[in-house]
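Enquirer: Positions -4 to 635 (the numbering used here) are the ones given, in order, by the sequence shown.
C-beta: ideal position from N, C-alpha, C; glycine also.
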Amino acid sequence: MEDKRLDRKETRNRRRLEAEAIRERERAALEKNIREDTILTAQAGGKDGKKRKKFKALLRLKPYLVPQIPALVASCLLVLIVNASELVKPYILSIVIDDFLMTGRPDSGFYSIFWFGIAYLGIITIGSLTNIGQALMVNRMGQSILMNIRRDVFRHILHMPMRKLDHFSSGRLITRATNDVETLNELFADFMVNLFKDVFLLIGITATMLIMNWRLALISFIAVPAIALVTAFVRSRLRKNFVIVKRLIGSINGFFAENISGMRLVQLFRRETQKLKEFDLLNVAYFKATLTQIRMNSLLRPVMEVINSMAIALVIWFAVGRIADNLLQVGVLYAFTNYIRQFFEPINDLSEQYATVQSATVSVERIFELLDDQVDQEVMEEGDSVERPEGRVEFRHVWFAYNEEDWVLKDVSFTIEPGMSAAFVGATGAGKTTIISLMARFYEIQQGEILLDGKDIRTIRLSDLRKWIAVVLQDVFLFSGTISENIRLNDREITNDEIVEALSLARADSFIERLPNGMLEPVTERGSTFSAGQRQLLSFARAIAHDPALFILDEATANIDTETEQHIQESIANVSAGRTTIIIAHRLSTIRKCDRIFVMDKAVLVEQGTHEELLAKDGFYAALHHAAYAATGTAAGFLP
């Protein structure tokens, strides 16, 4: 007995150690993926930087900037007023110092300290008010651009083919539509507001200093090469880091989106600790990358201040001797020290804003990487327009693969006549749902033809094709809003009476009548306040309300109890009148009533016929039927 107890303890310890070893390998693999992805991303960013001219990506914003040219011109004019006020202030004070304070000259009419003070105050007031107006104008211009970019990104996503959406995680798309666009907001709110002011001020100060005393001006400009070296040093390290940061924030968003959607599964299998560890790896990587970015940015301002102070000290050292020899006035030196501070201030601003520009450049590249990808937006309106089809569906030697050579359908041919109800059965992965996706042209076939009323669907306008197809899926999606809005889906041609009729046909009216607000009952995200069966009924009503010519049910009765399904079967019979109905289901009670049953196995159509004909063949379908009957002891069972 003691030996058995020790054996069990040893077995538990061995299993615990094996589990820990597996978790450690998983952690090491994830760390390796993050590290390799970061390195490759940084290398890609570096290569891009070499191949492209500086900030070339920002030129992609030109179509959005062109409509804002009037506001841009007005902003530049306001900037000239702001800069003029900044240039005049030191000059006024230099006159006061040289003509009044240093000489003791008495006031003479309007040429007095009092009136110079009034002028100084007026210039400050005009400059401040103009500066506020210019900032508001540029911010409004920037927000208009961002609004249009967000709209274009979302419109692009709406028309992206499923084959491309399959390769984008929701987190990556959300990041480009939100974080990357918000980064551009920083570009317009910070950089654009100060860009024109800083550039024009720099030009104005340079000209003023050269006019006042070109020798002192040249001494001041000695510091410019040092500034260029510091900026180049920081710039070379910032770009790669910005690419890494953008990539990691996209990974974090994707991780959040994926795990929030699958939280029931995470909690059910007690994977909270493991998921937290996986998140920590991403979070720490993002923390380190961001910290590197902060360190590089924090270097700029102190270094620029030191260079600024050195330039002022050098000018004072040179000017003191000139003043002693009466070759330079004190007021001019005072003005120069102010101009030097003003001269380096826009340089400091532009250097600090370089980080914003780099980040915006990466975001623009990521946004246009998405927008440049060809979508079905134009294809939607290409092709022939069709009226309501009769509903004859024909597949002719169709071959299809999501990935090359990994065929999901192999030489599939069948015909469904108008008004016929047809069922597709087969094991999971046999290609049943793929057939539905191909009918709606979510994917393009590699070989063969798909015909609707004898017309190749590739020649039919895509918007018309999808107008006449309604699909009820097993995994129902409901949008935030109300029940009526989820059924109508912004189709204003659908009346309230038609919605009521659709709910009645779907047998959803009974539970809706018990809701406080009826059809106006609020629907939370994904319809989480309704049961799975209720969501299925609402999805069924939605399809009915849109009056399709082809009615497709993909495991649509999977989450409905047997009693409700009986009502659904009655409504299917009513709705199917005059419509071609295609059903994918495992319930024998749903399948056996169909006019035609198509049996799929390993991407091949192996049998077709009526329920009785297929049973008589005693083939693949008969084997599925007998297995389902044996498992449940009733004809209402499920096919494997």
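Evaluate the contact criterion for the segment 489 to 502 versus the segment 519 to 530: three or more CB pairs, one atom per stretch, below 8 Å.
Expert: In short, these stretches do not touch, since the Cβ pair count stays below three.
Enquirer: Whose C-beta lies closer than 7 Å to the C-beta of Val403 among residues of the same chain, with five residues either side of it excluded?
Expert: Phe395, Ala396, Tyr397, Gly426, Thr429 and Ala598, listed in sequence order.
Enquirer: Please list, in chain order, all residues of the same chain as Thr36 whose beta carbon is under 8 Å from its beta carbon, the five residues on each side excluded.
Expert: Note that Thr36 scores 44 on pLDDT, short of 50, meaning its location in the model is unreliable; the coordinates nonetheless yield the value given after this. Cβ neighbours of Thr36 beyond the five flanking positions: Val238, Ile239 and Arg242.
Enquirer: Among all the DSSP beta bridges, which residues are the ones paired with Glu602?
Expert: Bridge partners of Glu602: Val594.
Enquirer: Quick one: residues in its chain with C-beta nearer than 7 Å to the C-beta of Phe715, no 5 flanking neighbours on either side, listed in chain order?
Expert: One cannot answer for residue 715 here, as it falls past the ends of the chain, which runs -4 to 635.
Enquirer: Sorted by chain position, which residues of the same chain lie with C-beta nearer than 6 Å to Gln442's C-beta, five sequence neighbours on each side aside?
Expert: The answer, listed in chain order, is Trp394.
Enquirer: Using the three-state DSSP reduction, which class does Pro134 fall into: helix, strand or coil?
Expert: The displayed chain sequence assigns Asn, not Pro, to residue 134. Three-state result, Asn134: helix.
Enquirer: Measuring alpha carbon to alpha carbon, tell me which of Thr268, Asn248, Gln288 and Arg266 ends up nearest Asn278.
Expert: Cα-wise, what sits closest to Asn278 is Asn248.
Enquirer: So, are the CB atoms of Val518 and Thr576 less than 8 Å apart?
Expert: Not in contact: Val518 and Thr576 (Cβ atoms no closer than 8 Å).
Enquirer: With distance defined between alpha-carbon atoms, name the residue in Ile307, Leu533, Ser354 and Val315 nearest to Phe331.
Expert: That would be Ile307, whose Cα lies nearest to the Cα of Phe331.
Enquirer: Verify whether the separation of the beta carbon atoms of Leu548 and Ala580 is less than 8 Å.
Expert: Result yes, Cβ atoms of Leu548 and Ala580 sit closer than 8 Å.
Enquirer: Whole angstroms is fine: what's the gap from Asn303's alpha carbon to Leu345's?
Expert: If you take the alpha carbons of Asn303 and Leu345, they lie about 15 Å apart.
Enquirer: Would you call the segment 62 to 71 in contact with the segment 81 to 94, where contact means no fewer than 3 C-beta pairs closer than 8 Å?
Expert: No: the two stretches stay apart, fewer than three of their Cβ pairs being nearer than 8 Å.
Enquirer: On a Cα-Cα basis, can you pick out the residue from Ala623, Ser416 and Phe472 that is closest to Lys588?
Expert: Lys588 has its Cα closest to that of Ser416, out of Ala623, Ser416 and Phe472.
Enquirer: Please report the straight-line C-alpha distance between Val194 and Phe339, rounded to a whole angstrom.
Expert: Each residue's Cα considered, the two are about 11 Å apart.
Enquirer: Pull up the distance between the alpha-carbon of Ser534 and that of Leu182, whole angstroms please.
Expert: Roughly 43 Å separates the two Cα atoms.
Enquirer: By Cβ distance, which residues of its chain are closer than 7 Å to Tyr115, with the 5 residues on each side in sequence left out?
Expert: Taken in chain order, the residues that qualify are Lys84 and Ile87.
Enquirer: What's the call for Thr423, buried or exposed, on a 16-neighbour Cβ count within 10 Å?
Expert: Exposed.
Enquirer: For Asp406, tell me which candidate among Val381, Phe149 and Glu444 has the shortest Cα-Cα distance.
Expert: Among Val381, Phe149 and Glu444, the Cα nearest to that of Asp406 is on Glu444.
Enquirer: How many angstroms separate the CA atom of Pro413 from the CA atom of Arg158?
Expert: The straight-line gap from Cα to Cα measures roughly 29 Å.
Enquirer: If we ignore side chains and look at the alpha-carbon of each, how far apart do Ala637 and Arg509 end up?
Expert: Here the chain covers residues -4 to 635 and nothing more, so residue 637 does not appear.
Enquirer: Grouping DSSP H, G and I as helix and E and B as strand, with all else coil, what is Phe615?
Expert: Helix, per DSSP.
Enquirer: For the segment 463 to 534, list the beta strand (DSSP E) runs that are entirely contained and at least 3 residues long, ordered along the chain.
Expert: Counting whole runs of 3 or more residues, the segment 463 to 534 contains the beta strand (DSSP E) stretches 464 to 467.
Enquirer: With distances taken from CA atoms, which of Thr356, Tyr281, Met207 and Glu300 is nearest Ile90?
Expert: Looking at the Cα atoms, Met207 is the closest of the given residues.
Enquirer: Just tell me which of Leu322, His162, Ile217 and Gln138 has its CA closest to the CA of Asp368.
Expert: Taking only the C-alpha atoms, the option nearest Asp368 is His162.
Enquirer: Extract the residue ranges of the alpha helix (DSSP H) inside the segment 270 to 325, only unbroken runs of 4 or more that lie entirely within it.
Expert: You should have found no qualifying run.
Enquirer: Taking all protein chains shown into account, do 16 or more other C-beta atoms lie within 10 angstroms of the C-beta of Trp110, making it buried, or fewer, making it exposed?
Expert: Trp110 should be labelled exposed.
Enquirer: So, Ile244 versus Thr178, is the Cβ gap smaller than 8 Å?
Expert: Not a contact, by the Cβ cut-off of 8 Å.
Enquirer: So what does DSSP say about Glu389, is it helix, strand or coil?
Expert: Here Glu389 sits in strand by DSSP.
Enquirer: Please classify Asp93: does DSSP put it in a helix, a strand, or coil?
Expert: Three-state DSSP puts Asp93 in a helix.
Enquirer: Can you give the Cα-Cα distance for Val359 and Leu365, rounded to whole angstroms?
Expert: Looking at the two C-alpha atoms, the distance is approximately 10 Å.
Enquirer: Less than 6 Å between C-beta atoms, sequence neighbours within five positions excluded: which residues of the same chain meet that for Thr33?
Expert: At Thr33 the pLDDT is 48, less than 50, meaning the model places this residue with poor confidence; the figure from the coordinates comes in the next sentence. So the list reads Ile239, once near-sequence residues are dropped.
Enquirer: Take Gly378 and list the residues in its own chain whose beta-carbon comes closer than 6 Å to its own, dropping the five residues that flank it on each side.
Expert: Only Thr454, Ile455 and Arg456 meet the Cβ criterion.
Enquirer: Report back the beta-carbon spacing between Leu211 and Phe313 to the nearest angstrom; my notes put them in contact at under 8 Å.
Expert: Between Phe313 and Leu211 the Cβ distance is about 7 Å, and since that is below 8 Å, they are a contact.
Enquirer: Mind checking who Asp679 pairs with in its DSSP beta bridge?
Expert: As displayed, the chain neither begins before -4 nor continues past 635, which places residue 679 out of reach and without an answer.
Enquirer: Starting from Ile577, follow the beta strand (DSSP E) in both directions and report where the run begins and ends.
Expert: Residues Thr575 to Ile579.
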